[in-house]
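Protein chains: 2
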Amino acid sequence: MSLSLNQWTTRHWSVAEAVDGCVRHGLEAVGLWREKVAEQGLAQSVKLVREAGLRVSSLCRGGFLTAGGEAFARALDDNRRAIDEAAELSAACLVMVVGGLPGVRPGESLPAAGFSRDVSGARERVAEALAELAPYAGERGVKLALEPLHPIYCPDRAVLSTLGQALDLSLAHPEEQVGVVVDTFHVWWDPRVFEDIARAGRRIASYQVCDYLHPLPQDILLGRGMMGDGVIDFGPITRAVLDAGYAGDVEVEIFNADVWAADPDEVVATMKARYDEVVLP
Amino acid sequence: MSLSLNQWTTRHWSVAEAVDGCVRHGLEAVGLWREKVAEQGLAQSVKLVREAGLRVSSLCRGGFLTAGGEAFARALDDNRRAIDEAAELSAACLVMVVGGLPGVRPGESLPAAGFSRDVSGARERVAEALAELAPYAGERGVKLALEPLHPIYCPDRAVLSTLGQALDLSLAHPEEQVGVVVDTFHVWWDPRVFEDIARAGRRIASYQVCDYLHPLPQDILLGRGMMGDGVIDFGPITRAVLDAGYAGDVEVEIFNADVWAADPDEVVATMKARYDEVVLP
Chain X
1 MSLSLNQWTT RHWSVAEAVD GCVRHGLEAV GLWREKVAEQ GLAQSVKLVR
51 EAGLRVSSLC RGGFLTAGGE AFARALDDNR RAIDEAAELS AACLVMVVGG
101 LPGVRPGESL PAAGFSRDVS GARERVAEAL AELAPYAGER GVKLALEPLH
151 PIYCPDRAVL STLGQALDLS LAHPEEQVGV VVDTFHVWWD PRVFEDIARA
201 GRRIASYQVC DYLHPLPQDI LLGRGMMGDG VIDFGPITRA VLDAGYAGDV
251 EVEIFNADVW AADPDEVVAT MKARYDEVVL P
Chain R
1 MSLSLNQWTT RHWSVAEAVD GCVRHGLEAV GLWREKVAEQ GLAQSVKLVR
51 EAGLRVSSLC RGGFLTAGGE AFARALDDNR RAIDEAAELS AACLVMVVGG
101 LPGVRPGESL PAAGFSRDVS GARERVAEAL AELAPYAGER GVKLALEPLH
151 PIYCPDRAVL STLGQALDLS LAHPEEQVGV VVDTFHVWWD PRVFEDIARA
201 GRRIASYQVC DYLHPLPQDI LLGRGMMGDG VIDFGPITRA VLDAGYAGDV
251 EVEIFNADVW AADPDEVVAT MKARYDEVVL P
């Protein structure tokens with residue numbers, strides 16, 4: 001296991017700055033975001049990570065596949081583009097945030113256009129989309145990493161709410177095409193998490209860490225904290241992920257207004273120290 | 001199934017006012033809170049519900065059993081008193097909100113005195129407490145109803161986070177001593193909810209309904225809305241609870257600043273209408 005910087009942790013860094021920061025701090029891997037890659041240019045981003053000798057531990061993110069009709073077709077097209085980008089970057093996986101209830105958007109009140117309460121239907125649509133996308137990803141050597149999100153995000157971001165559910169969905173596809181993300185923020189509370197990590201085994205495509213703050217801030221998306229600042233006991237989860245056979249990178253992905261306002265180099269230094277202190281078992 | 005007013009929905013009503021309100025609106029049952037019963041007086045509360053011919057669909061609430069040492073002994077004592085009160089009121093069950101991580105309090109920042117990240121240990125303490133309390137409840141004809149709370153409340157209110165987990169815990173005890181609560185707010189997102197409702201069968205001691213608002217308000221405790229105002233598709237859940245054999249009352253329990261500020265009689269009228277429109281399958 002080796003530490004990786006998910007570039008959203010240092011949100012104001014471009015791909016070039018994040019790559020440079022990783023090298024400066026002795027990290028071997030970086031997790032990239034599509035928006036940032038687009039700003040830098042895909043070819044230039046590929047060149048930067050190759051020349052720096054970095055692994056791309058993940059590309060964030062594909063998904064948002066729960067809307068019906070034309071929006072579904074558009075989402076599939078966008079996900080194919082994301083897969084192509086992940087292939088270019090030789091990313092270890094493409095993280096998939098599958099989408100919430102149709103028509104429900106973060107921060108926007110109900111009722112909304114196209115709104116549906118049919119969570120089961122939304123989940124079926126994700127399975128249908130995967131049947132389209134997994135072979136496409138497989139042909140390009142890309143692994144789709146299904147990310148279960150904490151149930152607070154079920155309305156607007158992901159109807160995949162538990163690791164067990166994501167794992168069950170992945171099993172319809174070859175292991176090299178579809179895996180799962182274990183993100184401590186999303187799974188720490190789950191009474192089945194240790195059982196499901198063991199069951200996932202080699203399906204674990206990504207291990208992401210950050211803490212769960214208490215109380216959550218008003219914008220619940222920003223409730224992710226530096227490891228050690230919240231309620232999560234990381235050691236047992238990391239141990240379980242290791243025991244399951246995961247040997248990939250450990251990405252630190254923090255969405256947090258204070259972290260984003262801080263000096264990125266200090267954030268990376270703190271992240272390295274906390275990784276040793278509280279994440280490793 | 002018959003509709004019941006959980007008195008916290010009309011928060012400013014005393015027991016006497018809630019009983020009167022239920023009678024005025026033709027309801028057959030009321031869910032009471034210990035604080036309100038204490039204010040009214042236990043004997044007087046018993047007299048009021050008996051004379052009104054109301055069933056007490058639940059007493060809220062026991063629990064908060066996760067702290068260690070002397071606090072654990074104090075919590076057991078308090079829960080024995082709650083059981084005694086539930087027996088006096090002939091409540092259908094005593095709702096148990098088991099408590100969160102030791103030392104973590106709603107709205108209070110970390111670190112806190114006595115804080116522990118050991119969620120597994122906290123869960124073991126709940127099991128130990130139940131072993132003490134279930135026989136005590138059984139002797140008094142009271143059923144403890146374990147309430148799994150939405151995982152957002154895992155840090156500070158309940159380390160029981162899924163219906164399946166609550167059900168598994170209940171199975172160590174006789175059915176007449178320990179059951180589970182199905183509360184739509186807490187379980188709607190759970191991919192296993194229909195399977196676990198069926199598995200719970202006669203263990204379902206209480207069915208509580210309210211909606212899950214989007215976006216959640218800053219105080220996440222108050223994200224409970226009137227049925228129809230949020231993201232929950234009630235019909236399938238109610239159908240599953242009925243199919244599992246539940247024939248008790250359906251309590252409406254809403255924590256919501258706007259609902260509390262409204263005329264309680266209008267709230268009850270709306271609740272009755274919405275129950276017919278969106279809760280019944």
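Chains X and R are the protein sequences, given in the same order.
Per UniProt numbering: the first sequence ends with 281, consecutive numbering throughout.
Per UniProt numbering: the second sequence ends with 281, consecutive numbering throughout.
Positions of the beta carbon are idealized from the N, C-alpha and C atoms, including for glycine.
- Taking a 10 Å sphere around the C-beta of PRO111 of chain X, we find fewer than 16 other C-beta atoms and assign the residue as exposed.
- Three or more Cβ pairs closer than 8 Å define a contact, and the segment 226-238 of chain X meets that threshold against the segment 179-187 of chain X.
- Taking the Cα positions, CYS60 of chain R is about 20 Å away from ALA73 of chain R.
- If you ignore the 5 residues before and after ASN256 of chain R, its C-beta comes within less than 7 Å of the C-beta of LEU222, ARG224 and GLY225, all in its own chain and listed in chain order.
- Of all residues in the segment 140-161 of chain R, only HIS150, PRO151, ILE152, CYS154, PRO155, ASP156 and SER161 place a beta-carbon less than 7 Å from a beta-carbon of chain X.
- Residues of the segment 160-187 of chain R whose Cβ lies closer than 7 Å to any Cβ of chain X, in chain order: SER161, THR162 and GLN165.
- In the three-state reduction of the DSSP assignment, LEU149 of chain R falls in the coil class.
- Cβ proximity to chain R below 8 Å picks out ASP229, GLY230, VAL231, ILE232, ASP233 and PRO236 from the segment 226-244 of chain X.
- Interface annotation, PRO102 of chain X: not in contact with chain R, CB-CB separation never under 7 Å.
- Within 7 Å of the CB of GLY31 of chain R, no CB atom of chain X is found; the nearest one sits about 25 Å away.
- Listed as beta-bridge partners of TYR207 of chain R by DSSP are R:VAL182 and R:VAL250.
- Nearest to PHE234 of chain R by C-alpha distance, out of R:LEU280, R:ARG192, R:ALA261 and R:GLU251, is R:LEU280.
- 7 Å or more divides the Cβ of ALA129 of chain X from the Cβ of LEU169 of chain X.
- At a cut-off of 7 Å between beta-carbon atoms, PRO215 of chain X makes contact with chain R.
- Nearest to VAL119 of chain X by C-alpha distance, out of R:VAL231, R:VAL267 and R:THR238, is R:VAL231.
- At a cut-off of 7 Å, the C-beta of TRP8 of chain R has no neighbouring C-beta in chain X.
- DSSP places ALA137 of chain R in the helix class (H, G or I) of the three-state scheme.
- Counting only runs of 4+ residues, the alpha helix (DSSP H) found wholly inside the segment 58-106 of chain R occupies 69-88, in chain order.
- In this structure, ALA52 of chain R and VAL23 of chain R form a Cβ contact; the two beta carbons are roughly 5 Å apart against a cut-off of 8 Å.
- Residue contact with chain X for GLN218 of chain R: present (Cβ-Cβ distance below 7 Å to some residue of chain X).
- Against chain X, the beta carbon of ASP118 of chain R has neighbours under 8 Å at ASP233, listed in chain order.
- The three-state secondary structure of VAL159 of chain X, taken from DSSP, is coil.
- Pairing VAL268 of chain R with HIS25 of chain R, the inter-Cα distance amounts to about 7 Å.
- Two segments are said to touch when three or more pairs of C-beta atoms, one from each, lie closer than 8 Å; by this definition the segment 198-207 of chain X touches the segment 234-249 of chain X.
- Against chain X, the CB of TRP13 of chain R has no partner CB under 7 Å away; the residue lies outside that interface.
- For the 7 Å CB-CB criterion, VAL19 of chain X and LEU48 of chain X form a contact.
- Residues of chain R with a Cβ closer than 8 Å to the Cβ of SER4 of chain X do not exist; the shortest Cβ-Cβ separation is about 24 Å.
- Annotation: LEU48 of chain R has no Cβ neighbours in chain X at a cutoff of 8 Å; minimum Cβ distance is about 37 Å.
- Closest option to GLN218 of chain R, judged by alpha-carbon separation, among R:GLY21, R:GLY62 and R:GLY107: R:GLY107.
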